[in-house]
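Here is the structure we will look at, set down as structure tokens.
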Amino acid sequence: MAKPHASTGLRAHLAGAAAEEQAARAYAAQGYELVEQRWRGAAGEIDLILRKGTLLVFAEVKTGPSYEAAIARINPRQMGRVQASAALFLEQQPEGALSEARIDVVLVFGTGEVEIIENAYGQG
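The sequence shown lines up with residues 1047 to 1170 when you count with my numbering.
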């Protein structure tokens, strides 16, 4: 029999993956191309990296039963990790730090509603 925390972890992983898929579809509907999903660098993981023209978007996806619950899952430590990871990713790009980029937060809540908060960290 599986340990309770193991099944909870699996559920959270699957819910996160499903939310990332919903977020990627929402971006695709706006003309964005998915570049990377769950990109991992030395500073941590970025849920989604997308491109539209020359713009790169780094998206942190959060889930919850409501808008308030989903947004409450964002903390300053995570914000710093995403910013550091985005900087590392940009170092690998031809334009480097001069690349046009922003960091979004995507909230997936309720019955699958998706809300994209563009430039959520005030970068770009």
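Glycine included, each C-beta is placed from N, C-alpha and C at the ideal position.
Open item on the list: Is it the case that the region 1101 to 1109 contacts the region 1142 to 1157, given that we only count it when at least three CB pairs across the two stretches are under 8 Å?
Closed with: With the cut-off at 8 Å, the region 1142 to 1157 and the region 1101 to 1109 touch.
Open item on the list: Under 8 Å, with one C-beta from each stretch per pair, do the region 1092 to 1102 and the region 1068 to 1076 reach the 3-pair mark?
Closed with: Judged by Cβ distances under 8 Å, the region 1092 to 1102 makes contact with the region 1068 to 1076, as three or more pairs qualify.
Task: Same chain, Cβ closer than 6 Å to Ser1131, five either side skipped, listed in chain order - done: By the criterion of a C-beta distance shorter than 6 Å, Ser1131 is surrounded in its chain by Gly1087, Ala1089, Gly1090, Ile1092, once the five residues flanking it on both sides are discounted.
TODO: Would you mind reading off the limits of the alpha helix (DSSP H) that contains Ile1095?
DONE: Segment 1090 to 1098 is the beta strand (DSSP E) holding Ile1095; no alpha helix (DSSP H) there.
Open item on the list: Please return the same chain residues whose Cβ sits closer than 8 Å to the Cβ of Gln1138, not counting the five positions on each side in sequence.
Closed with: There are no such residues.
Task: Extent of the continuous beta strand (DSSP E) run through Ile1117 - done: Unbroken run through Ile1117 is the alpha helix (DSSP H), 1113 to 1117; no beta strand (DSSP E).
Open item on the list: Measuring straight from C-alpha to C-alpha, what distance separates Asn1165 and Arg1084?
Closed with: Straight-line Cα distance between these residues: approximately 19 Å.
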